[in-house]
């Protein structure tokens, strides 16, 4: 028996309470009972997105919501500016090209981000830009984009600002309305702690105005139709009912903890990872001045001379810990420790100990236990002591 | 406490074993373990579809697969012939129009179907037709289209034949290859006994040739990309993992029972409903010469002078049995007793007794128990006696 831990940057571990909630007898989706769930989820999602705008729930992966953020707001030939420094930024460009947008990219190396000043320059050179697309947490590189400052730049133009917050929203500070984000996207299987199959998308009034004249074709991902249905507490198509039930439970867990506490927890867990790996000679992929790492996933460089492509398999098959390798051209060059959703202090230790054991097998030289001890030190010093009354042992 | 039964024409009741299977700890989708599930599901789905073609699984409702059956095979301006006699036939037209197809409809009243001879005539008048779209079981009216004969007509032309089998496949006889169906679509929350969130689509070589030149835009529902991924036992996007697990269990249940037995069971349950309702003066919506009723759902006319719109709510809220009312213009005129997926003899009685009780409240005059007794008679006479050894009572 090998005890298993899902520590990928998504899908993430689902708490047993939520699995249990989703295994209750199925209810029909066109009933007052399910409408209550739809309405409650929509209200709670607004709190997570920090918005007064409607937040729609789509039955698809996050990519479906990314497609919707293009096809519902642009017309063929419209100029979209894509900030691209990783696999998911590239996906926005692919979607734009598939639907006939005029895609202009600002590209940076994987491990970097795109700065607000570069966006400002590009918007001056491309004053006909209709929409700017950015990652918040680029899952493929572990880099956080400075979307708050980018938003303040885009806000001054006619363009809308679209943020893929699939691994970020619910893990990192996100204030859709205050920051002036026009379209925000999130995904179920990340900080929302439920299995994959749902994506969330919200849009501002400025974006909704563009929607009215946008002529790209859409049907399954027709957001105007979904919004009209949500006003009647229902969905346009048959929704993934069990996932809606799980989401309801998860949102209540998140908001009972308090969104600030959720964000603080992710920050501490992320910082603990970033600090601890250094103690065995590893370094962050995003270890570059003025590049902010994501708190949801830590991308680590594979040390020289080590066969990094083998690390995730070893950790999973020998030590039960599923993390993620590098994607595409990053394969074997980085690995990614996920830490979002249902994560706490203990997960740091679980991941690091397995990583150390696997690295020993791969022949990497370091002092066994050093990163784990560094994490323990961080936990003692930086994590708040839970405010619970202690019971007598054995009571 | 009111004991609940989900007896809609989808979503359908999910067996407790499957709910339990889906509540196991989540696994990551890019692992050998999950690839085994993907590969096994794909092989088992071929058996259900009776095809040598690939069957793809999409994370979406059935409507997503309907959209894919248009956008992956047609170019803008291509002529599509839609056989339309209900809400889901109409949906094909809506999708075609949204993506710029040249939609030609053969329309019939709700409660009727479109005959192969009419299709033959329309194809002669429209020799440039690229694809013919039909329902198999039109869920909104309870009518089964004669797709076998329609296929033999379409086969003689250059056009491909697309069948929405969302409520039919897995419930009614379906031989994709033998009948010459080019594209077949099915949905998880119907005879596959799992919660909504997955759709299935398979296509012939003739269809795949059209796919290569089809220029309608698509990204999330890109079937060529999905097929390429399935060849590597994976999916293009993050799949609804728990539903894939449930599907695996469900497919094994279906194939262990034997596809012929599954179809026979649905036929007998359907026929029992059709016979039994007559004994309390009710009649089928599709009670028209040469119109074949669906074995998955029985649409019944609301008797004169009765407020039929109230029936589903009464059955659900007072007697725990969720059925479906009429959709759109059919609201209050018909109601629909679902009987597909995890259904057996007992479900006939459960639905009919609740329907009778609700009708009494609505003031409809009939002999209480008459439809239930008719169903019991049908069960005694027509259902096979299970081949099990009887144990002593109390043993």
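Chains as they are written, first to last, in the working numbering: chain A, 467 to 861; chain B, 467 to 861.
We put the beta carbon where it would ideally sit given N, CA and C, even for glycine.
Nothing here was measured: the structure is a model prediction, and the numbers come from that model.
Within chain B, not a single residue places a beta-carbon under 8 angstroms from that of residue 772 (chain A); the smallest gap is close to 21 angstroms. The Cβ atoms of residue 587 (chain A) and residue 551 (chain A) lie no closer than 7 angstroms to each other. The segment 672–691 of chain A and the segment 531–538 of chain A touch, with three or more beta-carbon pairs separated by less than 8 angstroms. DSSP places residue 551 (chain B) in no alpha helix (DSSP H); its state is neither H nor E. A:571 is the residue among A:592, A:844, A:833 and A:571 whose C-alpha sits nearest the C-alpha of residue 599 (chain A). Residue 494 (chain B) and residue 522 (chain B) have their C-alpha atoms spaced approximately 19 angstroms apart. In summary, residue 467 (chain B) is exposed, with fewer than 16 beta-carbon neighbours lying within 10 Å of its beta-carbon over all protein chains present. Of A:541, A:549 and A:576, the smallest CA-CA separation from residue 566 (chain A) is found for A:541. Put simply, the backbone Cα of residue 580 (chain A) is about 8 angstroms away from that of residue 573 (chain A). Distance from the CA atom of residue 845 (chain B) to the CA atom of residue 806 (chain B), rounded to whole angstroms, is 17 angstroms. Within the segment 661–679 of chain B, those residues whose Cβ lies closer than 9 angstroms to any Cβ of chain A are, in chain order, 661, 662, 663 and 664. Among the residues facing chain B, residue 690 (chain A) is not included, as its CB has no counterpart in that chain under 7 angstroms away. Residue 832 (chain A): not part of any beta strand (DSSP E); DSSP gives it neither H nor E.
Annotation: residue 697 (chain A) has no Cβ neighbours in chain B at a cutoff of 7 angstroms; minimum Cβ distance is about 18 angstroms.
The DSSP-derived three-state label of residue 638 (chain B) is strand. Scanning chain B for C-beta atoms nearer than 7 angstroms to the C-beta of residue 658 (chain A) yields nothing, as the closest lies near 13 angstroms away. Against residue 470 (chain B), the close residues of chain A are 491, in the order they occur along the chain (beta-carbon pairs closer than 7 angstroms). With contact defined as three or more Cβ pairs closer than 8 angstroms, the segment 657–677 of chain B and the segment 707–718 of chain B are in contact. Segment contact: the segment 618–632 of chain A against the segment 784–793 of chain A, fewer than three CB-CB distances shorter than 8 angstroms; contact not assigned. Interface with chain A (7 angstroms Cβ-Cβ cutoff): residue 565 (chain B) is included.
Distance check between residue 491 (chain A) and each of B:830, B:808 and B:857 places B:808 closest, using alpha-carbon atoms only. Using beta-carbon distances, residue 480 (chain B) counts as an interface residue toward chain A, with a partner under 7 angstroms. Between the alpha carbons of residue 730 (chain B) and residue 853 (chain B) lies a distance of about 16 angstroms. Annotation for residue 487 (chain A): 711, 712 and 715 place their beta carbon closer than 6 angstroms to its own, counting only its chain and skipping 5 residues before and after. Within chain B, the residues whose beta carbon sits less than 7 angstroms from that of residue 527 (chain A) are 525, 703 and 704, listed in sequence order. With a cut-off of 8 angstroms on Cβ pairs, the segment 663–680 of chain A is not in contact with the segment 817–824 of chain A, counting fewer than three such pairs.
Secondary-structure assignment with DSSP links residue 568 (chain B) through a beta bridge to B:545.
Burial state of residue 561 (chain A) is buried, judged by a 10 Å Cβ sphere holding 16 or more other Cβ atoms. Residue 813 (chain A) sits buried, since 16 or more C-beta atoms from the chains shown fall within 10 Å of its C-beta. Boundaries of the alpha helix (DSSP H) around residue 785 (chain B): 777–785. For residue 497 (chain A), the residues of chain B that pass the 8 angstroms Cβ criterion are 782 and 788, in the order they occur in the chain. Taking the Cα positions, residue 479 (chain A) is about 23 angstroms away from residue 506 (chain A). The Cβ atoms of residue 649 (chain B) and residue 628 (chain B) sit closer than 7 angstroms to each other.
Boundaries of the alpha helix (DSSP H) around residue 511 (chain B): 498–515. When the five nearest sequence neighbours on each side are left out, the beta carbons in the same chain lying within less than 8 angstroms of the beta carbon of residue 848 (chain A) are those of 734, 737 and 738, in order along the chain. Every beta strand (DSSP E) of 3 residues or more that sits fully in the segment 652–720 of chain A is shown, in chain order, as 664–669.
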